[in-house]
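Report on one structure; see the data block that follows.
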Amino acid sequence: MTATAGSGTRPGSGHPPAAGTRRRRPGLALAGAGLALVAALLVGVWVGALPLAPGAVVATLLDRLLGPLGVDVPGGLSGTEEAVLLQLRLPRVLLAALIGAGLAIAGAAYQGVFRNPLADPYLLGAAAGAGLGATLAIAYSPVQSLGPIGIVPLAAFAGALIGVGSALALGTLAGGSHSPTLLLAGIAVAAFLAAAQTLVQQQNTDDLREIYGWLLGQLGKAQWSDIVVVLPYLGAACIVLLLCGRALDVLAVGDDEAASLGVHPGRLRLLVIVAASLATAAAVAVSGLIGFVGLVVPHIARRFVGGSNSRVLPLSLLIGGAFLVLTDVVARVILAPAELPIGVVTAFIGAPFFAGLLWVGARR
Amino acid sequence: MRGRAAGEPVPRPDSGARLEVLGLTAGYGRTRVLDAVRLTVEPGGWLAIIGPNGSGKSTLLRSVLGFHPHEGLVRVDGVPTAGMPRRDRARCLAYAPQTPVLPEGVTTRDYVGLGRTPHRPLLAAPRGVDRQVVEDVMARLELDLLAERLLATLSGGEQQRAVLARALAQQPRVLLLDEPTAALDLGHAQQVLDLVDRLRRQDGLTVLSTLHDLTLAGQYADRLALLSEGRVVSEGTPAEVITSAALQTHYGARAEVVHGPSGPAVLPVRAVD
Numbered sequence: 001m002t003a004t005a006g007s008g009t010r011p012g013s014g015h016p017p018a019a020g021t022r023r024r025r026p027g028l029a030l031a032g033a034g035l036a037l038v039a040a041l042l043v044g045v046w047v048g049a050l051p052l053a054p055g056a057v058v059a060t061l062l063d064r065l066l067g068p069l070g071v072d073v074p075g076g077l078s079g080t081e082e083a084v085l086l087q088l089r090l091p092r093v094l095l096a097a098l099i100g101a102g103l104a105i106a107g108a109a110y111q112g113v114f115r116n117p118l119a120d121p122y123l124l125g126a127a128a129g130a131g132l133g134a135t136l137a138i139a140y141s142p143v144q145s146l147g148p149i150g151i152v153p154l155a156a157f158a159g160a161l162i163g164v165g166s167a168l169a170l171g172t173l174a175g176g177s178h179s180p181t182l183l184l185a186g187i188a189v190a191a192f193l194a195a196a197q198t199l200v201q202q203q204n205t206d207d208l209r210e211i212y213g214w215l216l217g218q219l220g221k222a223q224w225s226d227i228v229v230v231l232p233y234l235g236a237a238c239i240v241l242l243l244c245g246r247a248l249d250v251l252a253v254g255d256d257e258a259a260s261l262g263v264h265p266g267r268l269r270l271l272v273i274v275a276a277s278l279a280t281a282a283a284v285a286v287s288g289l290i291g292f293v294g295l296v297v298p299h300i301a302r303r304f305v306g307g308s309n310s311r312v313l314p315l316s317l318l319i320g321g322a323f324l325v326l327t328d329v330v331a332r333v334i335l336a337p338a339e340l341p342i343g344v345v346t347a348f349i350g351a352p353f354f355a356g357l358l359w360v361g362a363r364r
Numbered sequence: 365m366r367g368r369a370a371g372e373p374v375p376r377p378d379s380g381a382r383l384e385v386l387g388l389t390a391g392y393g394r395t396r397v398l399d400a401v402r403l404t405v406e407p408g409g410w411l412a413i414i415g416p417n418g419s420g421k422s423t424l425l426r427s428v429l430g431f432h433p434h435e436g437l438v439r440v441d442g443v444p445t446a447g448m449p450r451r452d453r454a455r456c457l458a459y460a461p462q463t464p465v466l467p468e469g470v471t472t473r474d475y476v477g478l479g480r481t482p483h484r485p486l487l488a489a490p491r492g493v494d495r496q497v498v499e500d501v502m503a504r505l506e507l508d509l510l511a512e513r514l515l516a517t518l519s520g521g522e523q524q525r526a527v528l529a530r531a532l533a534q535q536p537r538v539l540l541l542d543e544p545t546a547a548l549d550l551g552h553a554q555q556v557l558d559l560v561d562r563l564r565r566q567d568g569l570t571v572l573s574t575l576h577d578l579t580l581a582g583q584y585a586d587r588l589a590l591l592s593e594g595r596v597v598s599e600g601t602p603a604e605v606i607t608s609a610a611l612q613t614h615y616g617a618r619a620e621v622v623h624g625p626s627g628p629a630v631l632p633v634r635a636v637d
């Protein structure tokens, strides 16, 4: 069940000559995904409980951006509308884009590093660790925040890193950086942390609602400060992962062959796992556990540009951002003024969409 | 180590190097698999390691490449590989494993391009030289028409050629092949071995391979080393190494050795009850 199951010397018989030929234009796919992200961001700020005129939104944004240069753009929003745009909608939409991009590229990196199409960013205990951290903070923390940062995000961030750290330590003790061992260590750590989380949760039934709210993922309380908190971690991790794309392609041929090509598979795997986990930890800290994005967006990207990680990673980043922004729009529109948990909506929209893609791919 | 004039558009592969293996000892846990193996492959030579299953053939190749912990010395043109940075080593030694992992969703061209990894910074994009080398290698191995095909859709023989092309794109001085014909039928096996032989003669490339088919080994390699229980028990020309006495002793096999024009051929003899 690994991505590299293709055995080296299998005689492939009866393929029509053009079967494997696929014209792929990675540049085109990237540009398309970039446009989709911009469009999603615009839709995200237009749509909501208080509809904002698209033209006025663009005028206001341009005015804000160009204001320091002394350019005045007329036709902006009114005072209240501007407050809704700048204090509520814009941070929320941007945060959704950041989280989606971070989870998607982390998922693509995990899939690449483990050569396993079923890997996702929560595989090595990041989700279970963050869940336990957040649950502990909600149930027992006497304070709401440490300085400007909320205690729940802080505990979730720490929990995610502790989870992945334990999995890495256990995996290394058990068998070096060999990836199946590491996967099993991740499963063991995740199971243990999830059990601990359930235990704490059962002891504190008063907090169940809040805990569930966090576990299902949320972007409703997004503020500019959240963006400031996650951006350094997410940004650094994404840059590292984007740079590692080509190296991951080398790793895809197996550890021995990668080593014969001059790469250190163990070191590279560790670097990618640490970067992807940092992105994941930062994302879950502010948004809770949003599923599906990290698992499926990389597969969507592969449909367009093939299996090469140096193309899948950047494309996943863009598609993930656009996907989560649009999902968030649906989450807040469909039962407005009530909001659905975004973690539910990602799978509700994503699963049929992905099924459709598989179907179209199979018919082609 | 690799002298290359600046401004030369497509560097030709350097000719082969002398590969020396001295006192190589390796094992798994406490089990010793290789015991003081000593081998020399002359520049442009082809040494095939033969031996029964479990005699340590693959471990020997993997130790020479530095993947497997070992004692002893491996030298390329007199330079010990142990002290070399991994990238420098990758520019000397290229390796095609017995069962190569072929990444999914990757085209032949991208796969062959991986061979350029040791020649450029790990994070950098392929340069013009890299693309040119890849195109040249694919043309030589008649892969140019398959360049845009996905690896998984190639036939077994074509896949083996793609793996060889990737190794050649490394522009190595020594080619290490672990059972290059393991999963191929006779015709395709001969095609691959003819190809390796041609590359060796044209570029003077040094080849160290394992081959379990004794007749093919004797026809293509100019020297053979018989490995048994981790020791080199005989080394020399095919006619010297492949004898029915050696096959009886080390393989437990009943076989006649017939000396044909292109080398010794092994004819198994059925037991008579």
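Sequences listed follow chains C and F, in order. Each residue of the first sequence is one higher than the last, beginning at 1 in this note's numbering. Each residue of the second sequence is one higher than the last, beginning at 365 in this note's numbering. Cβ atoms here follow ideal geometry from the backbone N, Cα and C, with glycine treated the same way. Keep in mind the model is a prediction, meaning the values are calculated, not measured.
Reference residue i, options the options, closest by Cα
i: V43(C); options: G320(C), V325(C), V293(C); result: V325(C)
i: G125(C); options: L268(C), L146(C), L278(C), G343(C); result: L278(C)
i: L403(F); options: Y475(F), L437(F), A609(F); result: L437(F)
i: G291(C); options: L315(C), L268(C), V274(C), A119(C); result: A119(C)
i: V405(F); options: A619(F), A629(F), R537(F); result: R537(F)
i: N116(C); options: P68(C), L183(C), A174(C); result: L183(C)
i: S308(C); options: W224(C), R269(C), L251(C); result: L251(C)
i: V297(C); options: L69(C), S78(C), G102(C), L95(C); result: G102(C)
i: L216(C); options: R302(C), A127(C), A33(C), L94(C); result: A127(C)
i: V228(C); options: P91(C), Q201(C), L261(C); result: P91(C)
i: G262(C); options: A511(F), V621(F), T395(F), L487(F); result: L487(F)
i: A460(F); options: V597(F), V605(F), A531(F), P485(F); result: A531(F)
Environment of residue i [buried if 16+ CB atoms lie within 10 Å]
i: Y122(C); result: buried
i: P433(F); result: exposed
i: G520(F); result: buried
i: G150(C); result: buried
i: A503(F); result: exposed
i: W359(C); result: exposed
i: P51(C); result: exposed
i: P54(C); result: exposed
i: F353(C); result: exposed
i: A169(C); result: exposed
i: E257(C); result: buried
i: A281(C); result: buried
i: H15(C); result: Its pLDDT being 37, under 50, H15(C) is placed unreliably in this model, and the value from its coordinates should be taken loosely. The residue in question, H15(C), is exposed, as its Cβ has fewer than 16 Cβ neighbours within 10 Å.
i: V401(F); result: buried
i: P632(F); result: exposed
i: G420(F); result: buried
i: R25(C); result: exposed
i: H552(F); result: buried
i: R564(F); result: buried
Cβ-Cβ separation, residue j to residue i (assumed contact under 8 Å), whole Å
i: L466(F); j: L515(F); result: 5 Å
i: L571(F); j: L539(F); result: Before going on, a small fix: residue 571(F) reads as Val here, not Leu. Contact flag correct, Cβ pair sits at about 5 Å.
i: C238(C); j: L295(C); result: Incorrect: roughly 18 Å between the Cβ atoms, too far for contact.
i: I319(C); j: A331(C); result: I319(C) to A331(C), Cβ: 18 Å. No contact.
Proximal chain F residues relative to residue i, where beta-carbon distance stays under 8 Å
i: H264(C); result: R450
i: D249(C); result: P467, V470, D474, L478
i: R302(C); result: G469
Residues near residue i by beta carbon distance below 8 Å, same chain, minus five either side
i: P449(F); result: none
i: P232(C); result: none
i: G391(F); result: V397, L398
Residues near residue i by beta carbon distance below 7 Å, same chain, minus five either side
i: S626(F); result: Q583
i: P148(C); result: S225
i: A547(F); result: G520
Proximal chain C residues relative to residue i, where beta-carbon distance stays under 9 Å
i: V621(F); result: Neighbours of V621(F) on chain C: none; closest Cβ ~28 Å, over 9 Å.
i: A454(F); result: A259, S260, L261, G262, V263
i: R426(F); result: D256
Own chain, CB closer than 6 Å to residue i, minus 5 neighbours either side, in chain order
i: W214(C); result: A134, G288
i: R22(C); result: With a pLDDT of 47 at R22(C), under the threshold of 50, the predicted position of this residue should be treated as unreliable, and no value is reported.
i: R453(F); result: T445
i: R451(F); result: P482
i: A59(C); result: V73, G75, G76
Under 8 Å by beta carbon: chain C residues contacting residue i
i: Y459(F); result: D256, E257, S260
i: P433(F); result: In chain order: nothing, as chain C lies at least about 12 Å away.
i: L487(F); result: L243, C244, R246, A247
Short CB-CB distance (under 8 Å) between residue i and chain B
i: L243(C); result: Among the protein chains in the structure shown, which are C and F, there is no chain B.
Where residue i meets chain F, residues with beta-carbon distance less than 9 Å
i: S308(C); result: P467, G469, V470, T471, D474
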